[in-house]
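What follows is a short report on a single structure.
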Amino acid sequence: MLLIIIKSCTCLAVFILFYVLFLANTSAHKFKRFYLLGVLFVSILIPFITFTNYAEVPFASNASILVFEDNIETKTSLIDNPDRNYLPIMLWVIYSIGIILFTLRFTMNLKKLFKKIKYSQKQKYNNVNLILLEEKIPPHTFFNYIFLNKKEYDSNKIKNSVLLHEQTHAIQKHSIDIIIIEVIQLIYWFNPLLILLKKHVKLNHEFLADQQVLNNGVDSSEYQNTLLKFSSSTPYSTLVNPINYSSLKKRFKIMKTRTPKSNLFFRFLLLIPLLAFSVYGFSQKQIITKSNSSLSENYTIKEVNLLILSKNNISLNGNPVEFENLNEKVNSINSNLTAKQKQNFLHARIEIKDNQLLNFAKEISDLLSEQCNISTSSIRNIEIDKTSNPYTSPYLNKTIKEAQQILDNQTIDLSPTKNSNSPWKVTVGVNAVGLNNMVLNDVNAPLKNASKEEVDEYNTLAKNFKAKQENKRTVKLNDFSRLYELYDKMSSRQKKAIEPFPSFLSPQKSNEQIIIDMIKNGAVCYLDNRLIAPEKIIKLISDKKSLKVSSEIVERKNHLKFESIM
Numbered sequence: 073m074l075l076i077i078i079k080s081c082t083c084l085a086v087f088i089l090f091y092v093l094f095l096a097n098t099s100a101h102k103f104k105r106f107y108l109l110g111v112l113f114v115s116i117l118i119p120f121i122t123f124t125n126y127a128e129v130p131f132a133s134n135a136s137i138l139v140f141e142d143n144i145e146t147k148t149s150l151i152d153n154p155d156r157n158y159l160p161i162m163l164w165v166i167y168s169i170g171i172i173l174f175t176l177r178f179t180m181n182l183k184k185l186f187k188k189i190k191y192s193q194k195q196k197y198n199n200v201n202l203i204l205l206e207e208k209i210p211p212h213t214f215f216n217y218i219f220l221n222k223k224e225y226d227s228n229k230i231k232n233s234v235l236l237h238e239q240t241h242a243i244q245k246h247s248i249d250i251i252i253i254e255v256i257q258l259i260y261w262f263n264p265l266l267i268l269l270k271k272h273v274k275l276n277h278e279f280l281a282d283q284q285v286l287n288n289g290v291d292s293s294e295y296q297n298t299l300l301k302f303s304s305s306t307p308y309s310t311l312v313n314p315i316n317y318s319s320l321k322k323r324f325k326i327m328k329t330r331t332p333k334s335n336l337f338f339r340f341l342l343l344i345p346l347l348a349f350s351v352y353g354f355s356q357k358q359i360i361t362k363s364n365s366s367l368s369e370n371y372t373i374k375e376v377n378l379l380i381l382s383k384n385n386i387s388l389n390g391n392p393v394e395f396e397n398l399n400e401k402v403n404s405i406n407s408n409l410t411a412k413q414k415q416n417f418l419h420a421r422i423e424i425k426d427n428q429l430l431n432f433a434k435e436i437s438d439l440l441s442e443q444c445n446i447s448t449s450s451i452r453n454i455e456i457d458k459t460s461n462p463y464t465s466p467y468l469n470k471t472i473k474e475a476q477q478i479l480d481n482q483t484i485d486l487s488p489t490k491n492s493n494s495p496w497k498v499t500v501g502v503n504a505v506g507l508n509n510m511v512l513n514d515v516n517a518p519l520k521n522a523s524k525e526e527v528d529e530y531n532t533l534a535k536n537f538k539a540k541q542e543n544k545r546t547v548k549l550n551d552f553s554r555l556y557e558l559y560d561k562m563s564s565r566q567k568k569a570i571e572p573f574p575s576f577l578s579p580q581k582s583n584e585q586i587i588i589d590m591i592k593n594g595a596v597c598y599l600d601n602r603l604i605a606p607e608k609i610i611k612l613i614s615d616k617k618s619l620k621v622s623s624e625i626v627e628r629k630n631h632l633k634f635e636s637i638m
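Here our numbering is used: the first residue of the sequence shown is 73, the next is one more, and so on.
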């Protein structure tokens, strides 16, 4: 917002400078009136103009985002950081005070004028109203009201040329210009350029009124002498147009000026590059990069295989690599994949030669997950586990488009087995390969509440699932996962009002219960990098202890690594 304000002020300064250099001393007073008002609005609007450029680049997303980590760190910092930045609050308070003060000033000026109009003697003069006051004042105008000294008017000391001058202010509605600037100044009260602009606007109003008087055949010398008699240096309300002594010299000079049309045309032409420069220089530029679909969709997914012979002897897909550069090298292999695509399509295989390298392999697995968005399919000791076939991803050597089709077309058969006496219920569990930094018993977890669109989507999926024949319950894996995802998003109140969960499926267990089941099925558990007995970690989970858990498969066995959250 600060940048927009600075741009707006600078833009207005450029337009005022152009006015002073090229327009102020010309006789094109009507054009100048609309110019001065127009540049006020233009300078406010231009900084809000946004030019968007679309840059087409291949997919290259090497950044990883750990949602759970970020959320936890953010919330902790908000709690632990007592030092709060009060500067924005102070600035808003000062700005609000300024608005209040300028609004009070504007209101009081209006009130004074309306009070004079209401309680003073009035007299109709052509199409305007004369307000006759007892106080000694120079003639001035506000909308259709001309304020005059009653004694001078009754004694005919106010000449017709002065009345014609003030009448021109009223007929041409010069007060509207002043009111517009005053209202904008309530918001932009901190901008001193508005004071300068208002000064030029008022002076141009005088030029217009003087021009109208002279066009009616009044002698210029006589008129100038008359203005000198009625001029005053006394400050008046900012809403009126009094005859001011300080501006008379400039007015007398402009009265004699007749700018040639060719000269004016040249000056008007200069406005085109000025406007172009202002729009280009003070608008906002936004560059949006979009992926080059033709390049990305034809990109072939490459495998990520790591062989660890020692901490100083690591190879990536057969090529030696330093641990310090590992994340950079891994990210460069499939640089055209987005973070989401890496999560869906890539599973690293880590092979070690010695069980003493197991902890180092886990460290590399964490690095791949956190900095490369790649989960680890297995950590295998090639000296012990020589016979098993390592996991091979169905997406390897496929283009991104082909891999996405495979993912979209994956199905799951939910039909009951022939020998089953009761419907076979499918329960969705956590994929141990992809489990990374899951938070159990998260005290900062947001309350569950699905949107109306998500509830409608769930109802549609649930109806489609239940409509399938018992022996033909084959559904897309994406739909299957989405059903559970939507159901898990809902609050208890929402679950009571939706389409019942398909009877042949089991609603997903909580993350805590799923982890407990994995422990009961023989998972090896660590708490803060130390081995812990299964019953102890189950008790911690059951006692609502906040924990962060990651998993990996080592020699075909789940290893769960827990971290305490303070």
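Backbone N, C-alpha and C define an ideal beta-carbon position, used for all residues, glycine too.
Since the model is a prediction, treat every value here as computed from it, not as a measurement.
For leucine 558, the closest C-alpha among the options Asn536, Ser523, Ser582, Lys538 is that of Ser523. Contact between leucine 619 and leucine 612 is confirmed by a C-beta separation of about 7 Å, below the 8 Å threshold.
Residue burial annotation: phenylalanine 417 is buried, with at least 16 other C-beta atoms found within 10 angstroms of its C-beta. Taking C-beta atoms as the reference points, leucine 204 and serine 192 count as a pair closer than 8 Å. Excluding five sequence positions before and after serine 319, the CB atoms of its chain that fall closer than 7 Å to its own CB belong to Leu275, Glu278, given in chain order. In the structure shown, the three-state DSSP call for threonine 331 is coil.
Scanning Leu182, Ile625, Val621, Phe214 for the CA closest to the CA of alanine 420 turns up Ile625. Pairing leucine 163 with leucine 75, the inter-Cα distance amounts to about 15 Å. Rounded to whole angstroms, the gap between the alpha carbons of isoleucine 344 and lysine 401 is 53 Å. For asparagine 384, there is no enclosing beta strand (DSSP E), as DSSP marks it with neither H nor E. DSSP, read as helix, strand or coil, puts valine 596 in strand.
Across the structure, leucine 220 and alanine 96 are spaced so that their CA atoms are roughly 30 Å apart.
For the pair of segments examined, the stretch 107-123 was found to touch the stretch 348-361: the number of CB pairs separated by less than 8 Å reaches three.
Judged by DSSP secondary structure, glutamate 254 falls within the alpha helix (DSSP H) whose first and last residues are 246-259. Here lysine 633 is buried. Its C-beta has 16 or more other C-beta atoms within 10 Å.
With 16 or more neighbouring CB atoms inside 10 Å of its own CB, valine 621 falls in the buried class.
Across the set Asn445, Ile478, Ile610, the C-alpha of Ile478 shows the shortest separation from the C-alpha of leucine 549. In the structure shown, the three-state DSSP call for isoleucine 209 is coil. Annotated three-state conformation of alanine 522 is coil, per DSSP. Taking C-beta atoms as the reference points, leucine 468 and isoleucine 373 count as a pair closer than 8 Å. A check of alpha carbon separations from threonine 410 across Thr213, Tyr371, His631, Ile218 identifies Tyr371 as the nearest. For valine 285, same chain residues with a beta-carbon under 8 Å away, outside a window of 5 residues either side, are Ser233, Leu236, His237, Thr240, Tyr295 in chain order. Counting of Cβ neighbours within 10 angstroms places proline 466 among the exposed residues, the total staying below 16. Collapsing the DSSP output to three states places serine 355 in coil.
If one requires a minimum length of 3 residues, the beta strand (DSSP E) runs lying completely within the stretch 415-467 are 419-424, 447-453, in chain order.
DSSP, reduced to helix, strand and coil, places tyrosine 197 within a strand of the structure shown.
For threonine 471, there is no enclosing alpha helix (DSSP H), as DSSP gives it neither H nor E. If you draw a straight line from the Cα of isoleucine 588 to the Cα of serine 437, it comes to about 23 Å. About 32 Å separates the Cβ atoms of isoleucine 591 and isoleucine 570, ruling out a contact at the 8 Å cut-off. The stretch 220-230 and the stretch 266-273 do not touch, with fewer than 3 CB-CB distances between them shorter than 8 Å.
In the structure shown, glutamate 529 falls within a helical segment according to DSSP collapsed to helix, strand and coil. The Cβ neighbour count for glutamine 585, taken over all protein chains shown within 10 Å, is under 16; the residue is labelled exposed. The residue from Glu442, Ile424, Gly289 with its alpha-carbon nearest to that of arginine 452 is Ile424. With fewer than 16 other Cβ atoms inside 10 Å of its own Cβ, proline 392 counts as exposed.
The three-state reading of DSSP puts serine 618 in coil, since its state is none of H, G, I, E or B.
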